[in-house]
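Protein chains in written order, with this note's numbering: chain A, 679 to 979; chain B, 300 to 511.
Just so it is clear, CB atoms sit at the ideal spot from N, CA and C, and this is done for glycine as well.
Just so we're clear, the structure is a prediction, and the values are computed from it rather than from any experiment.
A quick write-up on the structure given underneath.
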Ligand SMILES: N[C@@H](CCC(=O)N[C@@H](CS)C(=O)NCC(=O)O)C(=O)O
Ligand SMILES: [Fe+2]
């Protein structure tokens, strides 16, 4: 076992995202934080990836040589990201089949540091109620503030929280939208720190655009939020799609950073029902059952 | 007029905000600042060798630096003459003084925000300490101004481009871990700025203080 500050095996035994593969400069050492530990990573010209607990021999910015890494951590290369694990790595990572469809545009839209716990950020992502007030004129607009009844379940086969039949009026659901429309949403939380949303694509009604949020807990109250889109859109440039998503995320940031407490309370009685809607309640229960303690306020026994 | 723009940049926001207040239309060209670093690309360096935003192009003139651009826009397009009081040497000097101060806020509060939000490699503790030092000075200044019945950074009854230049990185400071809790006069001034006719927000800045 590694000597780490974080002792929560639930969070240690997960794959955690460190960087979009697209963004890793080849041949140099990069450094970041994960679960209060300093982690280094690199990729060489052959595509060999490694991650390791940072040490003084291989500092950030120095040349990366895979052969020089004596204590590598587990790595996974999936869904466009580099993932690592500081405990027992699970055999598989959640599925994300759309990512691998040949006509998809996969656009990592940036990684942002946010002073909040991962759980709070996931919950904000799942909450449609804030659209008209925070993303005014884009993802929502008064007086269309109603969140219609929808379904939530914890899928037994896949161990994930799924919300379906969600509907919301959106003035500009995506960059490719020409007018306001009722938009259908599906949310998935297939990983304690990752969430995906599926919404009908403005260019092809039969398919869904996917927006994802993969969170890297740097500490209990600080995250790196990896955001991205996987869309059916042959009109807009990579940069325009990215810019649209960054505008949205920039609007969420002060909301996230003003959450109090910064950690997610798992006790269903801890917060008023407005803030803890159906999906949030299911998500908190699911985390509770897993026994998560990192970045949350566990239910008192 | 064209603004080379990036939504999350507070310095670009200074220009968008002021043009909105002046009710002057303009086009924008989005620069892939993050993560693309497009502002460091050869075509952008040809426009601004410092590799920074904002930059404007207006009737063939290319201008960089938010404070310089505000000065130019006010002198050229503000028909009231209030935002940059050319005829009043005392107030003009004050405006220049606080425009320089605004760049100091960029060097500290904005740096801390870039560190925390976009992972820039810099001494964040020094940046935060520097920002608190400037905020303390601004807060005291605004407190005395209020005591004298004045609402804005420079003397007189009308806001100036100094208010526009100082506002963005003050209001975004929490993204860099800099609380405004100890600066009540700054908080009241922020609310007044938000009530200026033509005020617009940006991602991270809400038109009213509802989110705070
Ligand atoms: N003094 C300049 C500072 C501008 C500045 O720092 N711009 C940032 C964006 S908000 C930038 O381009 N930074 C890149 C760099 O400094 O390398 C101004 O006020 O315009
Ligand atoms: Fe949001």
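- Straight-line measurement puts the Cα of residue 861(A) at about 7 Å from the Cα of residue 848(A).
- Placement of the Cβ of residue 402(B) at a distance of less than 7 Å from at least one heavy atom of ligand 1 is found.
- Looking at 458(B), 459(B), 442(B), the one whose alpha-carbon comes closest to that of residue 485(B) is 442(B).
- Scanning 418(B), 405(B), 411(B), 417(B) for the CA closest to the CA of residue 466(B) turns up 405(B).
- Close partners of residue 935(A) in chain B (Cβ separation under 8 Å): 473, 474.
- Contact between residue 957(A) and residue 830(A) holds, since their C-beta atoms are separated by about 5 Å, short of 8 Å.
- Looking at the DSSP output, residue 788(A) sits in a beta bridge with 905(A).
- Listed along chain B, the residues sitting closer than 7 Å to residue 925(A) by beta-carbon distance are 306, 502.
- At least one CB of chain A lies nearer than 8 Å to the CB of residue 334(B).
- Within 7 Å of the CB of residue 828(A), no CB atom of chain B is found; the nearest one sits about 26 Å away.
- Shown here for residue 894(A): same chain residues with a beta carbon closer than 7 Å to its own, the five before and five after excluded, namely 694, 695, 696, 712, 901, 902, 904 in chain order.
- Identification of chain B residues near residue 892(A) by a Cβ-Cβ cut-off of 8 Å yields none; the smallest Cβ-Cβ distance measures about 15 Å.
- Chain A places no beta carbon closer than 8 Å to that of residue 490(B), leaving this residue out of the contacts.
- Considered as a whole, the stretch 334-371 of chain B harbours 341-346 as its complete alpha helix (DSSP H) runs of no fewer than 4 residues, in chain order.
- The Cβ-Cβ distance between residue 797(A) and residue 977(A) does not fall below 8 Å.
- Distances taken from the Cβ of residue 800(A) to the heavy atoms of ligand 2 include none shorter than 7 Å.
- One finds nothing in chain B with a Cβ atom closer than 7 Å to the Cβ of residue 740(A); even the nearest lies about 14 Å away.
- Distance from the CA atom of residue 482(B) to the CA atom of residue 688(A), rounded to whole angstroms, is 41 Å.
- When Cβ pairs closer than 8 Å are counted between the two stretches, the stretch 746-759 of chain A is seen to touch the stretch 712-732 of chain A, the count reaching three or more.
- Assignment of residue 828(A) by DSSP, reduced to helix, strand and coil, places it in the coil class.
- Inside the stretch 444-508 of chain B, DSSP marks no whole beta strand (DSSP E) run of 3 or more residues.
- Residue environment analysis places residue 755(A) among the exposed positions, since fewer than 16 neighbouring C-beta atoms fall within 10 angstroms of its C-beta.
- Residue range 916-935 is occupied by the alpha helix (DSSP H) that includes residue 931(A).
- Scanning chain A for C-beta atoms nearer than 7 Å to the C-beta of residue 329(B) yields 917, 921, reported in chain order.
- Pairing residue 744(A) with residue 718(A) gives a Cβ-Cβ distance that is not under 8 Å.
- Those residues of the stretch 375-387 of chain B placed with their C-beta closer than 8 Å to a C-beta in chain A do not exist.
- Around residue 418(B), the beta-carbon contacts reaching into chain A at under 7 Å are 791.
- Taken atom to atom, the span from the alpha-carbon of residue 920(A) to that of residue 883(A) is near 22 Å.
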